[in-house]
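What follows is a set of notes on a single structure, which appears directly below.
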Amino acid sequence: MPGFITSYLDKSVQVTPGQYGSPFWALVYILVVFGGVSLAVVCMNWLERKILAHMQVRLGPMRVGPHGLLQPIADALKLILKEDIVPEGADSFVFLLAPIIILLAVFSVYCVIPFGPTHAITDMNIGILFMLGVSSLGVLGIVMAGWASNSHYPLIGALRSSAQMVSYEIAMGLAVVSAVLMTSLNAEGTGTLSMIGIVQAQYAQHVWFVFKFFPLGLIAFFIFAVAMVAETNRAPFDLPEAESELTAGFHTEYSGLRWSLFMLGEYAAMIAVSSIAITLWLGGWMRPFPNALSGPNWDLAFSLFPALTFFGLAAMTFYSTMRMPKHSYFRIQTIGLGAFAAVFALIGLILLVPPVRDRVQDVYWFIAKIAVFLYLYIWYRGTFPRYRFDQLMKVGWKVLLPMGIAVLMLTGIVGLRDDIFLFLKRLVHV
Amino acid sequence: MPQAAQPVATTFFFYLLSGLAVLSGVLVITRKNPVHSALALILTLLSVSGLYLMLYAPFVAGVQIILYVGGIMVLFLFVIMLVNIEQSEKEKQFNQQWLPGILAALGLGTLLVVIYVKGKAAFALAPPSMPEADNTQRVGQMLYSNYMFPFEIASLLLLVAIIGAVVMAKKRI
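Chains as they are written, first to last, in my numbering: chain A, 447 to 876; chain B, 15 to 187.
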């Protein structure tokens with residue numbers, strides 16, 4: 447066991463555990479990622495309710511724990527204790543299998559997500575292809591859930607969902623291909639499908655792919671950003687579970703733990719597609735301006751960010767603690783909030799230790815970018831009204847798909863412009 | 015120091031995947047419920063893509079999952095969901111054409127046995143497998159250089175199929 451640990455911790459190892467061929471570290475990473483994502487889903491659940499509430503000038507959950515901080519735990523406890531019902535006439539095997547399929551599909555995607563040059567479970571040379579393929583398996587789970595429930599609302603929800611996801615997958619694929627083209631066009635080196643390779647290509651070319659061939663990268667990113675919301679069935683594309691029409695869409699008949707598996711799958715899928723977008727267009731784990739602001743001083747300045755974030759959180763929490771009502775009813779809540787502040791400050795202190803600081807900053811920037819995307823998801827939900835189904839199809843097939851094809855062709859043309867000029871010149875001379 | 019990862023338990027995974035493929039292939043034709051058949055077919059396709067991975071062809075494996083499992087089988091399920099299952103469960107599962115069936119099975123079986131016995135002599139040993147790292151690039155280069163014509167013909171064929179589907183689906187164009 448110590449051999450395993452030292453084998454990976456030594457500085458010379460600059461590859462992921464999967465490439466290093468160490469099953470032990472791969473397992474550790476799988477467990478860490480699984481736990482981290484589940485924790486992120488719990489936090490996201492609380493944040494979504496809180497932020498949506500504040501957008502609508504409500505308070506949101508306030509009762510369980512200070513500012514409702516323990517609400518997700520209470521919810522999880524409730525869901526676990528609830529009865530697990532299989533409706534009469536349902537195909538029980540498929541009904542029970544469906545949420546598991548969704549979870550498997552979503553969590554398999556995390557195998558190739560690079561949280562840092564060495565912080566990924568593994569690096570495949572078909573990384574992005576693998577991600578698209580495995581995440582498209584999620585549709586199967588939704589279709590199975592809708593059909594097996596033997597009920598009308600779920601069936602309609604599943605039909606809508608499969609039509610929607612299949613149509614938006616195409617636009618998404620075209621946007622991804624144009625980003626993959628950018629790894630090789632107009633630059634040194636060959637193209638790559640590997641997630642780590644794509645981020646390294648952006649580092650080598652000194653540009654995030656959003657800004658490459660302006661505005662082509664930006665348009666491709668926009669197409670992906672729209673398609674990814676549709677892929678995860680979130681507002682404003684949440685027709686498969688439109689509450690006002692279909693009660694809860696494909697998971698109407700699910701209850702208790704299985705229902706919570708669907709929720710876990712949905713939020714984990716949101717994080718997964720956000721990290722695809724970040725890897726392809728927003729520089730993955732790289733900090734802002736890794737080339738322009740390079741040098742030891744800038745490195746040190748940027749590596750302080752994780753600790754500063756946690757100190758900021760600690761300060762905010764401490765301020766809230768001071769503002770808690772001084773009544774004896776609130777004594778336990780005040781103590782709890784103070785404990786939160788202390789924990790944040792402690793984490794901030796740990797992040798200041800030099801070896802931790804160096805190892806953690808890639809992961810920090812990646813997670814910070816994911817957080818922006820997740821906030822956007824909540825913001826969309828608070829802002830946009832739901833699309834009608836024909837509008838949804840029109841946007842997918844008549845707007846995003848032609849745009850995707852045009853961007854793909856233009857990317858090719860702009861990337862090969864020197865060769866094309868050369869060819870034209872030769873044509874003129876002949 | 016970083017080292018190339020060695021394949022682990024290759025034989026085990028080969029037998030696991032091929033066993034799964036055969037088993038679920040049998041399930042496809044024996045299940046009465048069409049949805050269960052489709053699910054078994056998905057399992058077959060997934061295990062075949064696993065076999066591609068073992069042959070150091072990651073690109074083919076990825077495309078197999080995206081196209082067949084993520085695309086075609088979802089459309090299959092989409093259609094099957096709308097079919098009345100009770101009616102299809104009452105239908106006869108076998109037609110009575112035993113003679114052609116047995117003949118076809120015998121023919122294919124003999125072919126299998128002949129290839130198994132004489133295979134080594136008839137087909138030379140496969141060239142050493144390409145390294146996994148540049149397999150995808152080589153597939154791309156081959157498709158767009160040596161096999162450009164068949165590739166384009168295939169895409170033309172698909173275009174014809176799309177137009178045919180539109181013509182059949184629309185009464186007035």
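Quick reminder that beta carbons are idealized off the backbone N, C-alpha and C, glycines included.
Under 8 Å by Cβ, that's how I've got A/Pro545 and A/Thr725 pegged, so tell me the actual separation to the nearest angstrom. Mapped onto the first sequence, residue 545 of chain A falls at position 99. Mapped onto the first sequence, residue 725 of chain A falls at position 279. The pair is not a contact, with the Cβ atoms about 27 Å apart (cut-off 8 Å).
On the DSSP letters alone, give me the boundaries of the alpha helix (DSSP H) that A/Gly834 sits inside. Sequence index remark: in the first sequence, residue 834 of chain A carries index 388 (1-based). Per the sequence shown, residue 834 of chain A should be read as Arg rather than Gly. Unbroken run through A/Arg834: none, as it is neither H nor E.
C-beta neighbour in chain B for A/Met447, strict 8 Å: The sequence position of residue 447 of chain A within the first sequence is 1, counting from 1. Bear in mind that the predicted position of A/Met447 carries a pLDDT of just 43, short of 50, making it too unreliable to give a figure here.
The stretch 75-85 of chain B touching the stretch 50-65 of chain B, judged by at least three CB pairs closer than 8 Å: yes
Any residues in the stretch 54-77 of chain B with a beta carbon nearer than 8 Å to a beta carbon of chain A? Which ones, in chain order? Ile56, Pro72, Phe73, Ala75, Gly76, Val77
Taking the continuous alpha helix (DSSP H) assigned at B/Tyr66, which residues delimit it? Stepping through the second sequence from its first residue, residue 66 of chain B is reached at position 52. Unbroken alpha helix (DSSP H) run through B/Tyr66: 48-68.
Along chain B, in chain order, which residues have C-beta atoms closer than 8 Å to that of A/Ala604? What you label residue 604 of chain A is simply residue 158 of the first sequence in a count that begins at 1. Correct list: Met95.
Can you tell me which of the three DSSP states B/Pro114 falls into? Residue 114 of chain B sits at position 100 when you count from the first residue of the second sequence. In this structure, B/Pro114 counts as helix in the three-state DSSP scheme.
Taking the alpha carbon of A/Met490 as the point to measure from, which residue in A/Tyr475, A/Ala688, A/Leu516 has its own alpha carbon closest? Locating residue 490 of chain A in the first sequence gives position 44, counting from the first residue. Residue A/Leu516 is the option with its Cα nearest to A/Met490.
Contact with chain A by B/Phe92, beta-carbon distance below 8 Å: One-based indexing of the second sequence puts residue 92 of chain B at position 78. Chain A contact via Cβ: present.
With a cut-off of 8 Å, does the C-beta of B/Val153 fall near any C-beta of chain A? The residue you call residue 153 of chain B lines up with position 139 of the second sequence. Not closer than 8 Å to any Cβ of chain A, the Cβ of B/Val153 fails to qualify, so no.
Please name the residue, chosen from A/Ala594, A/Ala673, A/Arg827, that lies closest to A/Val841 on a Cα-to-Cα basis. Here the question's residue 841 of chain A lines up with position 395 in the first sequence. For the residues A/Ala594, A/Ala673, A/Arg827, the minimum Cα distance to A/Val841 belongs to A/Ala673.
Can you check whether the CB of A/Ser597 is closer than 8 Å to the CB of A/Pro682? In the first sequence, residue 682 of chain A corresponds to position 236, counting from 1. In the first sequence, residue 597 of chain A corresponds to position 151, counting from 1. Contact flag unset, no.
Which runs of the alpha helix (DSSP H) fall wholly inside the stretch 693-759 of chain A and span at least 4 residues, in chain order? 702-727, 742-749
Which same chain residues, not among the five before or five after B/Met82, have their C-beta less than 7 Å away from its C-beta? Working through the second sequence from its first residue, we reach residue 82 of chain B at position 68. The sequence given here has Tyr at residue 82 of chain B, not Met. So the qualifying residues of the chain are Leu59.
Expressed to the nearest angstrom, what Euclidean distance is found between the alpha-carbon atoms of B/Phe26 and B/Phe163? As a working mapping, residue 26 of chain B is identified with position 12 in the second sequence. As a working mapping, residue 163 of chain B is identified with position 149 in the second sequence. Going from the Cα of B/Phe26 to the Cα of B/Phe163 covers about 40 Å.
Can you give me the start and stop residues for the alpha helix (DSSP H) that A/Leu797 sits inside? By one-based count along the first sequence, residue 797 of chain A stands at place 351. From DSSP, A/Leu797 is part of no alpha helix (DSSP H); its letter is neither H nor E.
Check the C-beta distance from B/Ala54 over to B/Val42 and give it rounded, since I have them as a contact under 8 Å. What you label residue 54 of chain B is simply residue 40 of the second sequence in a count that begins at 1. What you label residue 42 of chain B is simply residue 28 of the second sequence in a count that begins at 1. Contact flag correct, Cβ pair sits at about 5 Å.
Proximal residues to A/Val675 (C-beta, below 6 Å), its chain only, five neighbours per side dropped: Looking up residue 675 of chain A in the first sequence gives position 229. Answer for A/Val675: Phe683, listed in chain order.
Residues of the stretch 561-573 of chain A whose Cβ lies closer than 7 Å to any Cβ of chain B, in chain order: Met570, Asn571, Ile572
Through-space distance from A/Arg832 to A/Gly695, alpha-carbon basis: In the first sequence, residue 695 of chain A corresponds to position 249, counting from 1. In the first sequence, residue 832 of chain A corresponds to position 386, counting from 1. When rounded, the separation of the alpha-carbon atoms in A/Gly695 and A/Arg832 is 14 Å.
Can you find a CB in chain A that lies within less than 8 Å of the CB of B/Val180? Residue numbering aside, residue 180 of chain B sits at position 166 when the second sequence is read from its first letter. So no, B/Val180 is outside the interface.
Around the C-beta of A/Phe576, are 16 or more other C-beta atoms found within 10 angstroms, so that it is buried, or is it exposed? As a first step, residue 576 of chain A is located in the first sequence; it is residue number 130 there, counting from the start. That one is buried.
Can the beta-carbon of A/Ala551 be found less than 8 Å from the beta-carbon of A/Ala594? Position 105 of the first sequence holds residue 551 of chain A. Position 148 of the first sequence holds residue 594 of chain A. Taking 8 Å as the Cβ cut-off, A/Ala551 and A/Ala594 do not qualify as a contacting pair.
Chain B within 8 Å of A/Gly579, Cβ atoms only: The sequence position of residue 579 of chain A within the first sequence is 133, counting from 1. Taking Cβ atoms only, chain B reaches closer than 8 Å to A/Gly579, which makes this a yes.
Work out the CA separation of A/Val580 and B/Ala18 for me, nearest whole Å. Numbered from 1 along the second sequence, position 4 holds the residue referred to as residue 18 of chain B. Numbered from 1 along the first sequence, position 134 holds the residue referred to as residue 580 of chain A. Bear in mind that a pLDDT of 49 at B/Ala18, under 50, signals an unreliable position, so the model cannot answer this.
Whose Cβ in chain B lies nearer than 9 Å to the Cβ of A/Ser582? Residue 582 of chain A sits at position 136 when you count from the first residue of the first sequence. Result: Ile79, Ile80, Val83, Gly84, Gly85, Val88.
Closer than 8 Å to chain B by CB, A/Phe751: Working through the first sequence from its first residue, we reach residue 751 of chain A at position 305. Judged by the 8 Å Cβ criterion, A/Phe751 is not in contact with chain B.
Output needed for A/Tyr475: all residues of its chain with C-beta closer than 6 Å, excluding positions within five of it in sequence on either side, in chain order. Position 29 of the first sequence, counted from the start, is the residue given in the question as residue 475 of chain A. So the qualifying residues of the chain are Pro463, Ile567.
Does any residue of chain A have a CB that is nearer than 8 Å to the CB of B/Thr25? Against the second sequence, residue 25 of chain B aligns to sequence position 11. With 8 Å as the cut-off, B/Thr25 does not count as an interface residue toward chain A.
How many angstroms separate the CA atom of A/Gln651 from the CA atom of A/Asn571? Counting from one through the first sequence, the residue named residue 651 of chain A turns up at place 205. Counting from one through the first sequence, the residue named residue 571 of chain A turns up at place 125. Distance between the alpha carbons of A/Gln651 and A/Asn571: 20 Å.
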